[in-house]
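Beneath this line is the structure, given in structure tokens, with notes to follow.
Numbering (the working numbering), first residue to last: -5 to 137.
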């Protein structure tokens, strides 16, 4: 069982986006990164794919979900600004099943510590350390 913690792919400038921020879509590079996740994570025995309800997160994992024939489950516990405790509880609920979890930089740094690298489109493989999760392996963003 592993948690594959994905930071959403690049979505362009927040300040240049004219719509609501939660509707901001991936940019060209981000779409390449999303397609690259299929190769990067496609060999893991993924049972579930959870995502922030923000468009850029769902778009980041949709190619992988399509390739694996799995639905993307939108979860508020992964939204930008979500409390770390709620996110940890969600991760604990996935115990026993390899799960892809796509969220935002602030949530990821809250889980793994702000001294670690977490570029857009990257993945951390998390291992259970009893009460929580510890970052074990960093996978640089594809594309």
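Idealized CB from N, CA, C, for every residue including glycine. None of the values given here were measured: they were computed from a predicted structure.
Near residue i, which residues of its chain fall below 7 Å by C-beta distance, leaving aside the five closest residues on each side in sequence?
i	result
residue 35	-2, 58, 94 and 117
residue 22	none
residue 75	100
Nearest to residue i by alpha carbon, out of the options?
i	options	result
residue 124	86, 99 and 131	86
residue 70	22, 52, 64 and 56	52
residue 129	107, 3, 72 and 68	107
residue 99	77, 92 and 30	77
residue 28	0, 112 and 54	54
residue -5	135, 8 and 40	40
residue 42	88, 135 and 33	88
Hey, how far is the Cα of residue i from the Cα of residue j?
i	j	result
residue 12	residue 20	14 Å
residue 137	residue 79	32 Å
residue 119	residue 102	12 Å
residue 18	residue 121	31 Å
residue 48	residue 81	15 Å
residue 4	residue 60	20 Å
residue 24	residue 90	30 Å
residue 133	residue 83	24 Å
Within 10 angstroms of its Cβ, does residue i collect 16 or more other Cβ (buried), or is it exposed?
i	result
residue 50	buried
residue 109	exposed
residue 126	exposed
Please go through the same chain and pick out, in chain order, the residues whose beta-carbon is closer than 8 Å to the beta-carbon of residue i, but skip the five residues on each side of it.
i	result
residue 45	51, 52, 54, 55, 66, 67, 68, 69, 72, 95, 96 and 97
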